[in-house]
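Quick notes on the structure that follows.
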Amino acid sequence: MAITLVLEGAADDRCIVRLSPIAELSAALHALNEIDHHPRSHEWADLVRRTVPGALLDQVRAWAPLWGSLRARFLMPLDDGPQRTLAKEISDIETLGERHFVAMCAEAIVDRDRTVRYERLGDDRSAVQRFRDRARQLSATRLTLAEKLLADPGSLRADVVGFLRAFARYAFDEEWEAQRPLLMREARQRAREVERRGLGVLTSLSKTVHECNRPRRVVFDKLYDGSARIADQVCLIVPSVHVRPHVAIKHNAGLPIVVQYPVGGTNEVTYDLVRTRMLVLSDPIRIRMCRWILREPHTTSDLARRMGMSQPQVSRHLRRLRDAGLVRTWREGRLVFYALDPAPIDNLGSDLVDALRR
Numbered sequence: 007m008a009i010t011l012v013l014e015g016a017a018d019d020r021c022i023v024r025l026s027p028i029a030e031l032s033a034a035l036h037a038l039n040e041i042d043h044h045p046r047s048h049e050w051a052d053l054v055r056r057t058v059p060g061a062l063l064d065q066v067r068a069w070a071p072l073w074g075s076l077r078a079r080f081l082m083p084l085d086d087g088p089q090r091t092l093a094k095e096i097s098d099i100e101t102l103g104e105r106h107f108v109a110m111c112a113e114a115i116v117d118r119d120r121t122v123r124y125e126r127l128g129d130d131r132s133a134v135q136r137f138r139d140r141a142r143q144l145s146a147t148r149l150t151l152a153e154k155l156l157a158d159p160g161s162l163r164a165d166v167v168g169f170l171r172a173f174a175r176y177a178f179d180e181e182w183e184a185q186r187p188l189l190m191r192e193a194r195q196r197a198r199e200v201e202r203r204g205l206g207v208l209t210s211l212s213k214t215v216h217e218c219n220r221p222r223r224v225v226f227d228k229l230y231d232g233s234a235r236i237a238d239q240v241c242l243i244v245p246s247v248h249v250r251p252h253v254a255i256k257h258n259a260g261l262p263i264v265v266q267y268p269v270g271g272t273n274e275v276t277y278d279l280v281r282t283r284m285l286v287l288s289d290p291i292r293i294r295m296c297r298w299i300l301r302e303p304h305t306t307s308d309l310a311r312r313m314g315m316s317q318p319q320v321s322r323h324l325r326r327l328r329d330a331g332l333v334r335t336w337r338e339g340r341l342v343f344y345a346l347d348p349a350p351i352d353n354l355g356s357d358l359v360d361a362l363r364r
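Heads up, this note's numbering is the position in the sequence shown plus 6, with the first residue counted as 1.
Written out as structure tokens, the structure reads:
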């Protein structure tokens with residue numbers, strides 16, 4: 007599955023690089039709740055747990071569905087204008103129309119279940135029942151949030167805004183000031199890249215994105231399907247520290263597309279490559295071959311002799327290992343040596359987990 011951003015027909019100025027403190031705050035809150043797969047945020051998270059009042063930390067957990075695997079859309083930039091302060095971005099949440107606020111909250115609470123008609127929650131009893139049932143199936147925390155949203159969306163909005171301001175004051179404002187110089191340098195560099203490469207810059211944001219033609223588009227490896235046209239919606243490129251190892255993408259109709267990516271890139275490999283490596287290593291002959299070339303480098307003819315196989319058979323197996331990025335090769339005169347690269351195999355478990363989390 008994938009998110010596809012169609013570039014066809016879009017001018018290069020439809021891609022804008024800017025910072026967003028609300029996007030970074032929500033990425034940090036997500037990392038705080040899911041710290042096991044956010045090692046870049048460990049130091050900050052440890053400081054938060056030592057210094058932030060317990061009641062505020064309880065709220066971080068209680069509101070977790072809003073910045074979980076599918077962040078509420080209002081926690082990303084809501085317009086494509088100039089960069090704004092955190093205070094102004096939080097104020098944007100306060101001025102958001104109630105129908106939009108409810109739909110954005112509901113989508114996050116039930117993890118983007120497409121059977122729920124979020125825009126009808128204010129006037130459709132069947133939509134309300136489906137939303138409530140889906141939240142109940144997911145967790146008690148999500149059901150509690152769903153009931154609060156349905157009962158009094160204005161009160162829930164005030165509580166969310168109050169929490170964001172309080173948490174920022176205790177735990178985020180100082181972190182933002184510390185990270186902003188790095189993010190500004192990254193944004194300037196990325197903006198120059200947009201001037202040089204145009205919309206193709208999107209392919210450099212992650213190893214899991216690739217460009218296709220007819221129509222020209224970029225495809226991000228993600229858990230769910232979605233698409234948007236940059237000719238119709240401006241695309242904001244937002245650098246982040248705490249989003250690592252993810253790339254977060256929002257493409258709601260009528261709002262800017264937002265691509266929040268980690269500064270310094272990610273160590274991600276595509277799901278297809280992880281799957282290929284697992285399939286390649288499922289063959290017992292190739293496993294035996296890996297044992298030989300892990301011990302020391304071998305040529306094709308030497309492996310054929312040791313394994314009792316023909317050279318063409320060995321070559322076919324080595325080609326599969328090489329195509330999966332599992333072997334290194336080098337030449338000494340007329341001889342080509344093969345050695346196992348253990349790093350991709352060491353990383354296979356974590357790579358698979360990361361691919362499943364996208």
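Beta carbons are placed, not taken as given, at the ideal position from N, Cα and C, and that holds for glycine.
The structure presented is a predicted model; accordingly, all values stated were derived computationally and were not measured.
Beta carbon of residue i nearer than 8 Å to that of residue j
| i | j | result |
| --- | --- | --- |
| Val269 | Pro245 | yes |
| Val247 | Arg46 | yes |
| His257 | Arg292 | no |
| Arg294 | Pro350 | no |
| Ala29 | Pro83 | yes |
| Val116 | Phe137 | yes |
| Ala174 | Leu62 | no |
| Val215 | Val225 | yes |
| Ile9 | Lys228 | yes |
| Pro262 | Leu242 | yes |
| Leu35 | Val66 | yes |
| Pro159 | Glu104 | yes |
| Leu211 | Val253 | yes |
| Asp85 | Ile22 | no |
| Arg118 | Tyr230 | yes |
Status (buried if at least 16 other CB within 10 Å, exposed otherwise) for residue i
| i | result |
| --- | --- |
| Glu180 | exposed |
| Lys94 | exposed |
| Ser32 | buried |
| Ala37 | buried |
| Ile188 | Looking at the sequence shown, residue 188 is not Ile but Leu. That one is exposed. |
| Trp336 | exposed |
| Tyr267 | buried |
| Tyr344 | buried |
| His304 | buried |
| His44 | buried |
| Ala177 | buried |
| Ala184 | exposed |
| Arg191 | exposed |
| Leu285 | exposed |
| Ala157 | exposed |
| Arg223 | buried |
| Ala152 | buried |
| Arg325 | exposed |
| Arg56 | exposed |
| Ala259 | exposed |
| Arg196 | buried |
Residue i versus residue j: straight-line alpha-carbon distance, rounded
| i | j | result |
| --- | --- | --- |
| Asp19 | Leu205 | 8 Å |
| Ile299 | Leu346 | 5 Å |
| Arg194 | Leu155 | 40 Å |
| Trp182 | Pro27 | 7 Å |
| Arg312 | Arg297 | 12 Å |
| Arg340 | Ser321 | 16 Å |
| Asn219 | Asp238 | 18 Å |
| Pro348 | Ser307 | 22 Å |
| Glu201 | Tyr277 | 31 Å |
| Asp52 | Val134 | 39 Å |
| Arg186 | Arg24 | 12 Å |
| Thr12 | Ala310 | A quick correction: the sequence has Val, not Thr, at residue 12. Whole-angstrom Cα-Cα distance: 49 Å. |
| Val316 | Met7 | The question names Val, yet the displayed sequence has Ser at residue 316. Taking the straight line from one Cα to the other gives about 40 Å. |
| Thr150 | Glu302 | 59 Å |
| Arg171 | Phe80 | 15 Å |
| Val240 | Ser233 | 14 Å |
| Arg328 | Gly355 | 19 Å |
| Ile41 | Phe107 | 28 Å |
| Glu199 | Ile236 | 18 Å |
| Asp289 | Gln319 | 13 Å |
| Pro221 | Asp139 | 40 Å |
| Glu338 | Asp352 | 28 Å |
| Gly60 | Gly128 | 34 Å |
| Leu332 | Arg90 | 46 Å |
| Ala16 | Leu76 | 27 Å |
| Gly314 | Val249 | 50 Å |
| Phe169 | Ala68 | 11 Å |
- Touch test, the segment 109-129 against the segment 57-74, Cβ-Cβ under 8 Å, three pairs minimum: yes
- Message: Check whether the segment 89-107 and the segment 160-174 touch, using three or more Cβ-Cβ pairs below 8 Å as the test.
- Response: yes
- Task: Tell me, please, whether the segment 121-128 touches the segment 144-152 by the rule of three or more beta-carbon pairs shorter than 8 Å.
- Result: no
- Enumerated in chain order, which unbroken segments of the beta strand (DSSP E) with a length of 3 residues or greater are wholly contained in the segment 243-269? 254-256, 263-268
- Residue ranges of each alpha helix (DSSP H) run of no fewer than 4 residues wholly in the segment 22-103, ordered along the chain? 27-39, 48-57, 60-68, 92-101
- Mind listing, in chain order, the continuous alpha helix (DSSP H) runs of no fewer than 4 residues lying wholly within the segment 95-165? 104-115, 131-144, 146-157
- Message: To test your reading of the DSSP string, which unbroken beta strand (DSSP E) runs of 3 or more residues are found completely within the segment 332-360?
- Response: 333-338, 341-346
- Which whole runs of the alpha helix (DSSP H) in the segment 292-320 are 4 residues long or more, in chain order? 306-313
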